[in-house]
Amino acid sequence: LAAGDPAITEIQDWNRYPGEGVDARPYGTPSEFEGNVVRRSVSWLTADPISSVNFTPLHELEGIITPNGLCFERHHAGITIIEPTEHRLMINGLVDRQLVFTMADLKRFPRVNHAYFLECAANSGMEWRGSQLNGVQFTHGMVHCVVYTGVRLKDLLDEAGIKTTGTWLLAEGADASAMTRSIPMEKAMDDCIVAFAMNGEALRPEQGYPLRLVVPGWEGNMWIKWLRRLEIGDKPWHQREETSKYTDLLADGVARRFTWVMEVKSVITNPSPQAPITHGRGRTVLSGLAWSGNGTIKRVDVSIDGGRNWHTARIDGPSLPRALHRFYYEFDWDGSELFLQSRAVDELGFVQPTKDELRTARGENSIYHNNGIQTWHVGPDGAVENVEIS
Ligand code: MTE
Ligand code: CO
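Letter by letter, the sequence shown follows residues 125 to 514 of my numbering.
Here is the structure:
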């Protein structure tokens with residue numbers, strides 16, 4: 125303690141005068157001192173902001189839930205603004221009864237609440253050929269985790285009556301990109317949700333207000349926002365988003381397709397390039413996130429010496445299937461340079477691979493599904509950089 129510290133010895137203005145009354149902020153906003161905590165984009169990444177992406181500031185967040193205003197955005201034709209009373213969800217194709225629901229109709233079906241992560245298949249995609257972006261927000265920020273409220277997709281499909289030949293579903297968005305993806309009926313009937321709320325409030329416009337599809341554990345592209353139509357068919361449609369996009373070109377020229385599950389992954393969010401160590405040697409808290417489209421995370425290991433020695437991290441908070449998990453590793457930093465890594469294991473026993481292992485298996489043409497182990501270099505001054513070691 126610094127003797128004579130005015131923060132202790134003086135009475136501050138905030139301690140002397142009353143503050144604003146209730147209703148000064150009818151829909152609350154963060155403290156003015158948190159103005160740096162925002163979604164950010166990478167200017168050279170896309171040609172136009174209407175078909176672009178920005179990133180969740182993972183290094184500024186705690187726990188497992190992403191605040192709605194910080195969920196990364198990925199739009200193919202901008203944010204569509206829909207009047208909810210004018211919104212309709214249609215079910216057609218191989219059904220006994222073609223149906224059209226209003227928002228009010230949907231809210232008369234039984235509701236469910238689930239926390240799920242959404243990860244864009246392209247998350248970490250810029251890192252396939254080597255370390256590139258200097259910040260966890262940019263290398264890993266195409267992920268968010270919120271509690272969805274909605275109705276089970278199965279209940280709506282049962283209402284329409286799926287014909288025995290109906291084995292696939294096409295989900296279509298009401299935005300100008302009319303985003304469409306084919307989903308196998310087993311998944312549609314298993315755990316998909318037609319959601320109208322996130323973290324207790326209506327979906328944000330950026331996240332598909334008034335209705336979005338939730339496809340737990342599967343790549344973000346399938347979570348159709350501004351959901352307007354579900355067509356039932358007997359084979360996949362092979363839309364653009366499942367042929368020229370969201371397929372993985374292997375070294376031998378063959379493309380993997382229908383790589384739906386987002387596999388086990390983790391990253392250290394603090395320290396990281398945007399969140400260096402500023403306190404010098406001694407007591408240090410390392411924090412990070414882990415997730416798997418296969419279910420829960422069973423274990424996270426952390427290394428501070430580039431993978432030579434591993435320590436089991438402490439998972440704290442809820443461990444929910446297909447949701448983010450928060451982990452910590454507390455250690456005494458001796459002030460020497462560090463190579464920080466984390467490696468997650470999921471409930472099916474899948475272990476997060478190294479980037480070299482990924483490249484050996486899939487070549488270097490890929491963009492999607494990079495769940496490789498991230499390395500951060502910490503210098504003696506506490507500065508952090510995105511690096512790769514082999
Ligand atoms: N749905 C529609 N209708 N239009 C879109 O552009 N983008 C998809 C998916 N659903 C998209 C969409 C992609 S690629 C991703 S990763 C997620 O929405 C992003 O969801 P978010 O913006 O809520 O983070
Ligand atoms: Co995406």
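Where is the CB? At the ideal position from N, CA and C, for every residue including glycine.
Please read all numbers here as calculations on a predicted model, not as lab measurements.
> How about A414 and S396: are their beta carbons less than 8 Å apart?
Replying inline: Here residue 414 refers to the residue found at position 290 of the sequence shown. Here residue 396 refers to the residue found at position 272 of the sequence shown. No.
>> Given this structure, state the Cα-to-Cα distance separating T263 from V409, to the nearest angstrom.
In response: For the purposes of this step, residue 263 is taken as residue 139 along the sequence shown, with counting starting at 1. For the purposes of this step, residue 409 is taken as residue 285 along the sequence shown, with counting starting at 1. Distance between the alpha carbons of T263 and V409: 21 Å.
> Going by other Cβ atoms of all chains shown within 10 Å of its Cβ, with 16 needed for buried, is V146 buried or exposed?
Replying inline: Position 22 of the sequence shown, counting from 1, holds the residue named residue 146. With fewer than 16 other Cβ atoms inside 10 Å of its own Cβ, V146 counts as exposed.
>> DSSP three-state label for G143, please.
In response: Looking up residue 143 in the sequence shown gives position 19. Correct three-state label for G143: coil.
>> Ignoring anything shorter than 3 residues, give me the beta strand (DSSP E) runs that lie fully in the region 383-457, in order along the chain.
In response: 389-394, 406-415, 421-427, 438-440 and 449-457
> In this structure, what does DSSP give as the bridge partners for D470?
Replying inline: Your numbering for residue 470 matches position 346 in the sequence shown. Residue pairing from DSSP places D470 in a beta bridge opposite I421.
> Apart from the five residues just before and just after N237, which ones in its own chain have a Cβ nearer than 8 Å to its Cβ?
Replying inline: Residue numbering aside, residue 237 sits at position 113 when the sequence shown is read from its first letter. Correct list, in chain order: V271, Y272 and T273.
> With C-beta atoms as the reference, is L223 less than 8 Å away from L351?
Replying inline: For the purposes of this step, residue 223 is identified with residue 99 of the sequence shown, where counting begins at 1. For the purposes of this step, residue 351 is identified with residue 227 of the sequence shown, where counting begins at 1. For L223 and L351, no; Cβs fall outside 8 Å.
> Between which two residues does the beta strand (DSSP E) harbouring I189 extend?
Replying inline: In the sequence shown, counting from the first residue as 1, residue 189 sits at position 65. Unbroken run through I189: none, as it is neither H nor E.
>> Within 10 Å of its beta-carbon, does R305 have 16 or more other beta-carbons around it, so buried, or fewer, so exposed?
In response: Taking the sequence shown and counting its residues from 1, one reaches residue 305 at position 181. It is buried - the Cβ of R305 has at least 16 other Cβ atoms within 10 Å.
> Is Q261 helix, strand or coil by DSSP?
Replying inline: Sequence index remark: in the sequence shown, residue 261 carries index 137 (1-based). Here Q261 sits in helix by DSSP.
> Would L337 pass as a contact of V318 if the rule is Cβ separation under 8 Å?
Replying inline: What you label residue 337 is simply residue 213 of the sequence shown in a count that begins at 1. What you label residue 318 is simply residue 194 of the sequence shown in a count that begins at 1. A contact, by the Cβ cut-off of 8 Å.
>> At the level of alpha carbons, what is the spacing between L373 and P234?
In response: Locating residue 373 in the sequence shown gives position 249, counting from the first residue. Locating residue 234 in the sequence shown gives position 110, counting from the first residue. Distance between the alpha carbons of L373 and P234: 42 Å.
> So is the beta-carbon of H493 under 7 Å away from any non-hydrogen atom of ligand 1?
Replying inline: The residue given as residue 493 occupies position 369 in the sequence shown. H493 Cβ: outside cutoff for every heavy atom of ligand 1.
> Considering only C-alpha positions, which residue in the set T226, N345, V267 and Q498 is nearest to F320?
Replying inline: Locating residue 320 in the sequence shown gives position 196, counting from the first residue. When each option's Cα is compared against that of F320, the closest is T226.
> Just how far apart, CA to CA, sit I132 and I513?
Replying inline: The residue you call residue 132 lines up with position 8 of the sequence shown. The residue you call residue 513 lines up with position 389 of the sequence shown. One C-alpha to the other measures close to 46 Å.
> So does the region 353-361 actually touch the region 323-332, counting three or more Cβ pairs closer than 8 Å?
Replying inline: no
> With C-beta atoms as the reference, is I392 less than 8 Å away from W500?
Replying inline: Walking along the sequence shown from the start, residue 392 turns up at place 268. Walking along the sequence shown from the start, residue 500 turns up at place 376. Yes, the pair counts as a contact, with Cβ atoms nearer than the cut-off.
> Pick from M266, C244, A239 and E296: whose alpha carbon is nearest that of G441?
Replying inline: Position 317 of the sequence shown, counting from 1, holds the residue named residue 441. Proximity to G441 across M266, C244, A239 and E296 peaks at A239, based on C-alpha coordinates.
> Distance, Cα to Cα, N258 vs Q398?
Replying inline: Along the sequence shown, read from residue 1 onward, the residue named residue 258 stands at position 134. Along the sequence shown, read from residue 1 onward, the residue named residue 398 stands at position 274. One C-alpha to the other measures close to 8 Å.
>> On the DSSP bridge list, what partners appear for Q465?
In response: Along the sequence shown, one-based indexing puts residue 465 at 341. Q465 is bridged to S427 and T499.
> If you run the structure through DSSP and keep just helix, strand and coil, what is P477?
Replying inline: Your numbering for residue 477 matches position 353 in the sequence shown. The answer is coil: DSSP assigns P477 none of H, G, I, E or B.
> Tell me which same chain residues have a C-beta within less than 6 Å of the C-beta of A300, skipping the five on either side of it?
Replying inline: Along the sequence shown, read from residue 1 onward, the residue named residue 300 stands at position 176. The answer, listed in chain order, is A201.
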